[in-house]
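Residue numbers (this note's numbering), protein chains in the order written: chain A, 1081 to 1192; chain B, -14 to 231.
Inspection log for the structure reproduced underneath, given as structure tokens.
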């Protein structure tokens, strides 16, 4: 993995979605259909990352309370839905993970 | 939020920074966690800092770190970054109308510093009816405040991360998942969005074993298509306005 290349590439494509539309001074308008489709990009991409991360454990689908990420992920969804508070979602999610791992006996040495 | 009385460049700048403060507070843990976690994904400390300083796009940085840990190729991470950050084009297109009179030396940095947070704050300022000639200084204040916080917190995270042995044992990588969940849930506001998210979730499971996370791009396209189709075909589902994120 070439770290400099990765960062340069990411920086370039990110500037490419931020700057040109500003520089074109509002003279062009994107088709309404495309603008609507772009609305779905953030939730869809986030979902496509979250779902496998919480459902799979060591590359195996694990739908059981023994899957600590699944249990705490569901709680985080509930907290985010009720509170719409990012910080609270992160803090409660992490706390639940530690508590659940404690219950399952998965804490790092010295904490179990 | 009131426009500064008797606006000057400096007053607009500070008013913009102040108006962004609540959103900065929300970004602090996000930025620190990135600094601490990125190292576990294979980025060097300098690489982590450079990513925060030069890419400056929170969600895509987390996703990149995640993909990197999974051994994804550079080309695919860059492509994913592009897709994830496409929404900024919406923001830029919205703001362009207010920035017509500015030279490129203003537009380039304001473009580079465009984030969800700054967009939300400054669009409100531009829409206020007062005739302050320095509204772009308000924009600059918001952008500089967000950026400074993001880079400083990444540094704090990198330094803190070096004192935590094996962060993955502590579930710090789950902080990233929790952050994504906290960002995702409020964006699912209507039935087409629910359809899009369900299709994306199913697609992600079905394409899990595909090489190089190619399934991510396919899943993203399927999910977007599902959302657009649902918007057209579900009775009463079409959102009446195009909303520029949140």
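Just so you know, even glycine gets a beta-carbon here, dropped at the ideal spot from N, CA and C.
Keep in mind it's a predicted model, so treat the numbers as computed, not measured.
- Taking residue 1149 of chain A as reference, the option from A/1167, A/1162, A/1133 with the minimal CA-CA separation is A/1133.
- Under DSSP, residue 1136 of chain A forms a beta bridge with A/1141.
- Contact fails between the region 99 to 108 of chain B and the region 20 to 28 of chain B, because fewer than three Cβ pairs, one in each stretch, are under 8 Å apart.
- For residue 1146 of chain A, there are no neighbours in chain B by C-beta distance under 7 Å, as the nearest C-beta there is about 15 Å away.
- Each residue's CA atom was taken as its position, placing residue 213 of chain B and residue 149 of chain B some 44 Å apart.
- Interface annotation, residue 176 of chain B: not in contact with chain A, CB-CB separation never under 7 Å.
- Using a C-beta cut-off of 8 Å, the region 3 to 13 of chain B makes no contact with the region 28 to 37 of chain B, since fewer than three inter-stretch Cβ pairs fall below that distance.
- Around the beta-carbon of residue 1122 of chain A, 16 or more other beta-carbon atoms lie within 10 Å, marking it buried.
- Note that the C-beta distance between residue 1101 of chain A and residue 77 of chain B is below 7 Å.
- Chain-ordered, the chain B residues with CB closer than 9 Å to the CB of residue 1086 of chain A read 28, 32, 36, 49, 53, 59, 62, 63.
- Against residue 66 of chain B, the close residues of chain A are 1090, 1093, 1094, in the order they occur along the chain (beta-carbon pairs closer than 7 Å).
- For the pair residue 53 of chain B and residue 29 of chain B, the CB atoms are not nearer than the 7 Å cut-off.
- Counting every other CB atom within 10 Å of its CB across the protein chains shown gives residue 135 of chain B a total of 16 or more, marking it as buried.
- Interface with chain A (7 Å Cβ-Cβ cutoff): residue 7 of chain B is excluded.
- Close partners of residue 144 of chain B in chain A (Cβ separation under 8 Å) are lacking, with about 19 Å as the shortest Cβ gap.
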